[in-house]
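*Asks:*
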Amino acid sequence: MPERRDSHSEAPRRPSSGLSLLGVVAGVTGAAAAVAAAGAAAGALMARRVVTPPRHAEEDVNVLAVWADADGLLVTLRATPDSRLAGTPGVYSLWFDHGRGHAVIGEVVDHTWNSVTRRVLRVDQGTLDGSVRRARVGGWVWLDPASAGFAFEEVTVDAPLGPCPAWLVRPDQGPGAGEPLTFAAAPAEAAPAGSTSPAPLDAEDAAGPDAAPEPPATAAREATGPEATSGVWCIHAHGRASARPEVLRGLFAMRTLGVTSLIISYRNDGEAPSSDDSRYALGATEWEDVEAAIEFALAHGARRVLLFGWSMGGAIVLQAQSRTRHPRAIAGVLLDSPVVDWGDVLAYQADARSLPAPVRDFAKTLLGRRWGAGATGLEEPIDLAELNWVARAGELRRPLLVLHSDDDGFVPSGPSRELAAARPDLVTFVPFRTARHTKLWNHDRRRWESSVIDWVRDRLG
Numbered sequence: 001m002p003e004r005r006d007s008h009s010e011a012p013r014r015p016s017s018g019l020s021l022l023g024v025v026a027g028v029t030g031a032a033a034a035v036a037a038a039g040a041a042a043g044a045l046m047a048r049r050v051v052t053p054p055r056h057a058e059e060d061v062n063v064l065a066v067w068a069d070a071d072g073l074l075v076t077l078r079a080t081p082d083s084r085l086a087g088t089p090g091v092y093s094l095w096f097d098h099g100r101g102h103a104v105i106g107e108v109v110d111h112t113w114n115s116v117t118r119r120v121l122r123v124d125q126g127t128l129d130g131s132v133r134r135a136r137v138g139g140w141v142w143l144d145p146a147s148a149g150f151a152f153e154e155v156t157v158d159a160p161l162g163p164c165p166a167w168l169v170r171p172d173q174g175p176g177a178g179e180p181l182t183f184a185a186a187p188a189e190a191a192p193a194g195s196t197s198p199a200p201l202d203a204e205d206a207a208g209p210d211a212a213p214e215p216p217a218t219a220a221r222e223a224t225g226p227e228a229t230s231g232v233w234c235i236h237a238h239g240r241a242s243a244r245p246e247v248l249r250g251l252f253a254m255r256t257l258g259v260t261s262l263i264i265s266y267r268n269d270g271e272a273p274s275s276d277d278s279r280y281a282l283g284a285t286e287w288e289d290v291e292a293a294i295e296f297a298l299a300h301g302a303r304r305v306l307l308f309g310w311s312m313g314g315a316i317v318l319q320a321q322s323r324t325r326h327p328r329a330i331a332g333v334l335l336d337s338p339v340v341d342w343g344d345v346l347a348y349q350a351d352a353r354s355l356p357a358p359v360r361d362f363a364k365t366l367l368g369r370r371w372g373a374g375a376t377g378l379e380e381p382i383d384l385a386e387l388n389w390v391a392r393a394g395e396l397r398r399p400l401l402v403l404h405s406d407d408d409g410f411v412p413s414g415p416s417r418e419l420a421a422a423r424p425d426l427v428t429f430v431p432f433r434t435a436r437h438t439k440l441w442n443h444d445r446r447r448w449e450s451s452v453i454d455w456v457r458d459r460l461g
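Position 163 of the sequence shown, counted from 1, bears residue number 163 in the UniProt record's numbering, the numbering being contiguous throughout.
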């Protein structure tokens, strides 16, 4: 007799609706947790990256070819906003080989929709040849004052963390604003340096083959107690992931003005002593090294001091002018592509990387809280509100000159404009449209120098 079976015995067992719902909830919760964890990790990475001095800046331009024509060496680069920059004098740095190689590039001799070919004016370091695949376009041009035609002294500023190397450039030697710039032309075989045949940069910036020769480069000499040759000194502070040569472009205007220049290093920049955490404080502590430079200048004859900051150096000198023990000595503050509000910079960088607002906000929280030290490596948190000079505009007491390009690409110009709008009585804003980040002098030297010279003369009488 066949075995009788329950008519439902073969039917599959269905989970209860309650169990199904629990499974869905668990899945959603797990996914949300994963998303939150990923966002937290991205925020931590962003916070850590902004305060960590990089070993070398990213080389973000593809080098397509290095070749020669009858006039010398040329390099073809992938077209980017920076590699396409022209202007007058239209000269830029080309860094390669992970920062070990440095060349100066000039006029654009050819371009297509995705490439640009430029004349190589000089190779300072390394070998620029077909083996180079990646590079970075910068604005430095010179590696020390002597290569720009200025006599200088190696001095040391006694700062809170230890001695900080500095260059002292007096205004009695060296080229002034608008004077022809010359370089040794890079030979076709791309020798790493040493050619001595001067060649003018371009027709607008030099008078042609009869232009005045470059002043002889004077070797650095050890200072044994410098005495100021001018009652006005300018303290120049470079930007993040940069170094003293960045600010050499400002020397020509200061030479014309008769102003002594002190080009400083500061903590964690690779030259000055490091802090215990080896982290940038985005201006919150670096200003102490500017204060030491102010005291150096006053001790050596300065009666009035200008502070000149580039990029993050702008954030640093803004803190210095606010916190200095010598406020009456500060005659004015000059800023090129400055960080006026770090919160705005972080928001801009997050947007550029398609990071959502919660990631950006978490990064800011980590920077400003002691418990964020595990992610950032900071010994002390950073009060970003103290670094927001749009919000603190009412506290300004000294005149400011701000030069900024609207296509900066790294530090947005919006806060610079807002600061000028908030304090038209003190802030003079000089906008550029297509000069990128800290390349304003390279793009339009004449306008940059005349803006600086006229502003300083108006302030100093």
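Ideal Cβ positions, reconstructed from N, Cα and C, are used throughout, including at glycine. Nothing here was measured: the structure is a model prediction, and the numbers come from that model.
Run the CB neighbour count on H102, radius 10 Å, all protein chains shown included, and call it buried at 16 or more, exposed below.
*Replies:* So H102 counts as buried.
*Asks:* At what residues does the beta strand (DSSP E) containing E379 begin and finish?
*Replies:* Element bounds for E379: n/a, residue is neither H nor E.
*Asks:* Among A241, R78, S83, A272, which one has its Cα closest to the Cα of W167?
*Replies:* The shortest Cα separation from W167 among A241, R78, S83, A272 belongs to A272.
*Asks:* Do you know offhand how far M46's Cα is from T256's?
*Replies:* Distance between the alpha carbons of M46 and T256: 42 angstroms.
*Asks:* Where do the N-terminal and C-terminal ends of the beta strand (DSSP E) with F432 fall, by residue?
*Replies:* It spans 427-432 - the beta strand (DSSP E) in which F432 sits, taken as one unbroken run.
*Asks:* May I have the straight-line CA-CA distance separating A241 from D269, to the nearest angstrom?
*Replies:* Answer to the nearest angstrom: the Cα atoms are 7 angstroms apart.
*Asks:* Which residue marks the beginning of the alpha helix (DSSP H) containing N388, and which one marks its end?
*Replies:* No alpha helix (DSSP H) holds N388; DSSP gives it neither H nor E.
*Asks:* At what residues does the alpha helix (DSSP H) containing N442 begin and finish?
*Replies:* First-last of the alpha helix (DSSP H) with N442: 440-443.
*Asks:* Using three-state DSSP, classify I453 as helix, strand or coil.
*Replies:* In this structure, I453 counts as helix in the three-state DSSP scheme.
*Asks:* DSSP beta-bridge partners for Y266?
*Replies:* BP columns for Y266 are empty, so no partner.
*Asks:* For A284 versus D383, is the C-beta spacing smaller than 8 angstroms?
*Replies:* Yes. Within cutoff.
*Asks:* Can you check whether the CB of L306 is closer than 8 angstroms to the CB of G332?
*Replies:* A contact, by the Cβ cut-off of 8 angstroms.
*Asks:* I'd like the list of long-range same chain contacts for D344, defined as Cβ closer than 7 angstroms, with 5 residues on each side in sequence excluded.
*Replies:* Correct list, in chain order: P412, G414, P415.
*Asks:* By the DSSP assignment, the alpha helix (DSSP H) with A329 in it spans what residues?
*Replies:* Neither: A329 is in no alpha helix (DSSP H) and is coded neither H nor E.
*Asks:* Please list the terminal residues of the continuous beta strand (DSSP E) segment that includes Y92.
*Replies:* Looking at the DSSP string, the run of the beta strand (DSSP E) that includes Y92 is 92-96.
*Asks:* Roughly how many angstroms lie between the CA atoms of S274 and V402, to the nearest whole one?
*Replies:* Taking the straight line from one Cα to the other gives about 29 angstroms.
*Asks:* Distance, Cα to Cα, R398 vs D82?
*Replies:* Distance between the alpha carbons of R398 and D82: 33 angstroms.
*Asks:* Does DSSP classify R303 as helix, strand or coil?
*Replies:* The answer is coil: DSSP assigns R303 none of H, G, I, E or B.
*Asks:* Closest to A422 by C-alpha separation, out of K439, V390, N114, would be which residue?
*Replies:* Checking every option, the nearest Cα to that of A422 belongs to V390.
*Asks:* Please specify which runs of the beta strand (DSSP E), each continuous and at least 3 residues long, are wholly inside the region 54-121, giving them in chain order.
*Replies:* Runs found: 61-69, 72-78, 92-96, 101-111.
*Asks:* Any beta-carbon of chain C closer than 8 angstroms to the one on V247?
*Replies:* Here chain C cannot be found, since the structure has a single protein chain.
*Asks:* Which residue from L248, H236, S337 puts its Cα closest to that of L143?
*Replies:* Answer by Cα proximity: L248.
*Asks:* At the level of alpha carbons, what is the spacing between G231 and V169?
*Replies:* Approximately 14 angstroms, taken between the alpha carbons.
*Asks:* Where do the ends of the alpha helix (DSSP H) carrying L419 lie?
*Replies:* 414-422 is the extent of the alpha helix (DSSP H) around L419.
*Asks:* Quick one: give me the first and last residue of the alpha helix (DSSP H) that T256 is part of.
*Replies:* That run of the alpha helix (DSSP H) goes 251-257.
*Asks:* Let me know the secondary structure DSSP gives P273 once reduced to three states.
*Replies:* Three-state result, P273: coil.
*Asks:* Under the rule that 16 or more other beta-carbon atoms within 10 Å means buried, what is E286, buried or exposed?
*Replies:* E286 is buried by the Cβ-count criterion.
*Asks:* Under three-state DSSP, which class holds D124?
*Replies:* Note: D124 maps to strand in three-state DSSP.
*Asks:* Considering only DSSP beta bridges, list what V132 is partnered with.
*Replies:* Paired residue(s): none; V132 is not in a bridge.
*Asks:* Nearest to A352 by alpha carbon, out of D408, G372, P53?
*Replies:* Among D408, G372, P53, the Cα nearest to that of A352 is on D408.
*Asks:* Which one or two residues does DSSP pair with residue 463 in a beta bridge?
*Replies:* A question about residue 463 goes unanswered here, because the residues of the chain that appear run from 1 up to 461.
*Asks:* Using CA coordinates, which residue listed in E288, A315, H300, Y348 is at the minimum distance from R325?
*Replies:* Nearest of E288, A315, H300, Y348 to R325, Cα basis: E288.
*Asks:* Going by C-alpha distance, which of Q321, K439, A86, P381 is nearest S311?
*Replies:* With distances taken between Cα atoms, S311 lies closest to K439.
*Asks:* Just grab the DSSP bridge partners of P163 for me.
*Replies:* Paired residues: D158.
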